[in-house]
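All remarks here apply to the structure that follows.
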Amino acid sequence: MPLNRRLISPRRWTPPADQGRTPATSRFVVDRRIPTGGHGPEHVIFDSQGGLLAGLADGTVVRIAPATGARTVVGSTGGRPLGLQPAADGSILICDHHRGLLRMSAAGSVEVLVDTVAGRPLTFASNVVEGPDGTIWFTVSTRRWDLEHYLGDIIEHSCTGLLVRRDPDGTVTVLRDGLKFANGLVLAPDASHLLVAETAGYRISRHWLTGPKAGTDEPFVDNLAGLPDNMSLGGDGLVWVAIAAPRNALLDKLLPLPGFLRVLLWNLPEAVRPKATPVAWVMAFDLDGRVVHDLRADDVPYGFVTSVAEHEGTVVAGSLHEDDIVVLTQPTGLDT
């Protein structure tokens, strides 16, 4: 059965009441665009030299000089690259939707690091980070849906997302399951914990790696007014978070109700199915979870922001549905 007509199996969940945005906000203002030469820079990230890395819909991974826009093709995954992470050895770690967790060398050759998890093919690997000792952590958004039909998972609320660790010897361990569309991932500067975004849970959690809390989780930011996507740790020490879309009031009302209502919703013709509100939105938090920046605009010709990164005062954003990367005007903190 095509995924867009799969019989969904809704799970009931009572979301926290939407409290709206932070009282003080600033605008998402595009300073300029940087062409990628392709489509769908779902994740953009700075490398150690200040260059931009992005994976495109055709499988290409590109490196772009943000000041000039000069573009170099690093290689192709042969799939659909999502999350990227420059590795300590100069390679690029890649979460590829179709192929799993990959490593791309500086010359563009591709090595498959993980293609099965818990005995099942690894699809929809989402974001990846690397620790000082070569340990790799990555998220898997859903075990039931593919990228083209990710909305099915949001409506179904399948809670099949994973947080996974790959040790330097290649051992693969599932650290967390049951996540609500696991997405963005950040490793703390001291490698003591991970921050994990759950898009369908409207939250970011702290997963402790060391100390007396190792293996446990606690809230970092809860009850967000939008759907958190990719995250990055900026050179400014802030956790930058792309908010792909605001919460949908209809979905929030349906989530606690009998599942057949969401089955009806999912089986509506796509043309009349409720859609995400177009918005360009990113946020930044300090390491204690306090909001530092809340940048949003409903009237810019760029939307569905799925990634954001900062380097030496330059903030860039990427989108699954756009061709370009955008450079934002330098934010100055929340308006008072």
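In our numbering, the protein residues as written are 152 to 487. Every residue, glycine too, gets a C-beta built ideally from N, C-alpha and C.
Spatial distance of residue i from residue j (CA atoms)
{"i": "G377", "j": "I159", "result": "23 Å"}
{"i": "I306", "j": "N399", "result": "10 Å"}
{"i": "V414", "j": "L302", "result": "13 Å"}
{"i": "P186", "j": "N418", "result": "37 Å"}
{"i": "P319", "j": "N278", "result": "18 Å"}
{"i": "L207", "j": "V459", "result": "16 Å"}
{"i": "G385", "j": "V442", "result": "14 Å"}
{"i": "G321", "j": "D450", "result": "47 Å"}
{"i": "L438", "j": "V390", "result": "7 Å"}
{"i": "M152", "j": "H444", "result": "Model confidence at M152 stands at a pLDDT of 45, short of 50, so the residue's coordinates are unreliable; what they give is reported in the following sentence. C-alpha separation (whole angstroms): 44 Å."}
{"i": "A422", "j": "S309", "result": "24 Å"}
{"i": "A393", "j": "V291", "result": "18 Å"}
{"i": "H194", "j": "S470", "result": "7 Å"}
{"i": "T173", "j": "G440", "result": "13 Å"}
{"i": "P237", "j": "N381", "result": "15 Å"}
{"i": "P167", "j": "G352", "result": "9 Å"}
{"i": "S256", "j": "Q200", "result": "16 Å"}
{"i": "G362", "j": "S343", "result": "8 Å"}
{"i": "T165", "j": "G335", "result": "23 Å"}
{"i": "T487", "j": "R178", "result": "Because T487 carries a pLDDT of 42, less than 50, the predicted location of this residue cannot be relied on, and the following value inherits that uncertainty. The alpha-carbon atoms of T487 and R178 are separated by roughly 13 Å."}
{"i": "A221", "j": "H300", "result": "33 Å"}
{"i": "V315", "j": "P420", "result": "36 Å"}
{"i": "D284", "j": "R317", "result": "11 Å"}
Whether residue i touches residue j by CB criterion (9 Å)
{"i": "L330", "j": "L345", "result": "no"}
{"i": "R294", "j": "L313", "result": "yes"}
{"i": "R214", "j": "D198", "result": "yes"}
{"i": "G230", "j": "R250", "result": "yes"}
{"i": "V136", "j": "V323", "result": "Outside the modelled stretch of the chain, which goes from 152 to 487, sits residue 136, for which no answer is possible."}
{"i": "R287", "j": "L244", "result": "Here the sequence assigns Ile to residue 287, which means Arg is not the residue at that position. A contact, by the Cβ cut-off of 9 Å."}
{"i": "G464", "j": "D387", "result": "yes"}
{"i": "G202", "j": "D474", "result": "no"}
{"i": "T428", "j": "A396", "result": "yes"}
{"i": "D403", "j": "D169", "result": "yes"}
{"i": "T367", "j": "H358", "result": "yes"}
{"i": "V181", "j": "V477", "result": "yes"}
{"i": "P425", "j": "L401", "result": "yes"}
{"i": "T311", "j": "D328", "result": "yes"}
Bounding residues of the alpha helix (DSSP H) (the contiguous stretch that carries residue i)
{"i": "E490", "result": "This structure cannot speak to residue 490, because the chain is shown only from 152 to 487."}
{"i": "A400", "result": "400-405"}
{"i": "W417", "result": "411-417"}
Per-residue burial, residue i [other beta carbons within 10 Å of its own, 16 or more giving buried]
{"i": "F436", "result": "buried"}
{"i": "G259", "result": "exposed"}
{"i": "V325", "result": "exposed"}
{"i": "F289", "result": "buried"}
{"i": "T457", "result": "buried"}
{"i": "L408", "result": "exposed"}
{"i": "R183", "result": "exposed"}
{"i": "P452", "result": "exposed"}
{"i": "A348", "result": "buried"}
{"i": "W432", "result": "buried"}
{"i": "F411", "result": "exposed"}
{"i": "P482", "result": "buried"}
{"i": "D304", "result": "buried"}
{"i": "P161", "result": "buried"}
{"i": "A365", "result": "exposed"}
{"i": "T219", "result": "exposed"}
{"i": "P272", "result": "exposed"}
{"i": "P340", "result": "exposed"}
{"i": "G226", "result": "buried"}
{"i": "G171", "result": "exposed"}
Residue i - containing beta strand (DSSP E), residue span
{"i": "E349", "result": "344-349"}
{"i": "H358", "result": "354-359"}
{"i": "H249", "result": "Counting along the chain, H249 falls outside any beta strand (DSSP E), and DSSP gives it neither H nor E."}
{"i": "G469", "result": "465-470"}
{"i": "Q213", "result": "With the sequence shown as reference, residue 213 is identified as Val, and Gln is not the correct amino acid for it. Per DSSP, V213 belongs to the beta strand (DSSP E) from 211-215."}
{"i": "S383", "result": "377-384"}
{"i": "Q481", "result": "It is not in any beta strand (DSSP E) - Q481 carries neither H nor E in the DSSP assignment."}
{"i": "N374", "result": "Careful: N374 lies outside any beta strand (DSSP E) and carries neither H nor E."}
{"i": "D108", "result": "Because the chain in this structure spans residues 152 to 487, residue 108 falls outside the shown range and cannot be described."}
{"i": "R316", "result": "312-317"}
{"i": "Q236", "result": "232-237"}
{"i": "I287", "result": "287-291"}
{"i": "F436", "result": "431-436"}
{"i": "S160", "result": "Counting along the chain, S160 falls outside any beta strand (DSSP E), and DSSP gives it neither H nor E."}
{"i": "A448", "result": "442-448"}
{"i": "L326", "result": "323-330"}
{"i": "D182", "result": "181-186"}
{"i": "L338", "result": "333-338"}
Residue-level contact to chain E via CB, residue i, 9 Å cutoff
{"i": "V414", "result": "The structure shown has no chain E; it contains just one protein chain."}
Beta-carbon separation (whole angstroms), residue i vs residue j, contact threshold 8 Å
{"i": "T176", "j": "R354", "result": "Contact flag wrong, Cβ pair sits at about 20 Å."}
{"i": "C246", "j": "A276", "result": "4 Å"}
{"i": "G189", "j": "T211", "result": "6 Å"}
{"i": "I196", "j": "S356", "result": "That belief does not hold up - the Cβ atoms of I196 and S356 are roughly 21 Å apart, past 8 Å."}
{"i": "V261", "j": "T228", "result": "6 Å"}
{"i": "L338", "j": "V280", "result": "4 Å"}
{"i": "L406", "j": "L416", "result": "L406 to L416, Cβ: 11 Å. No contact."}
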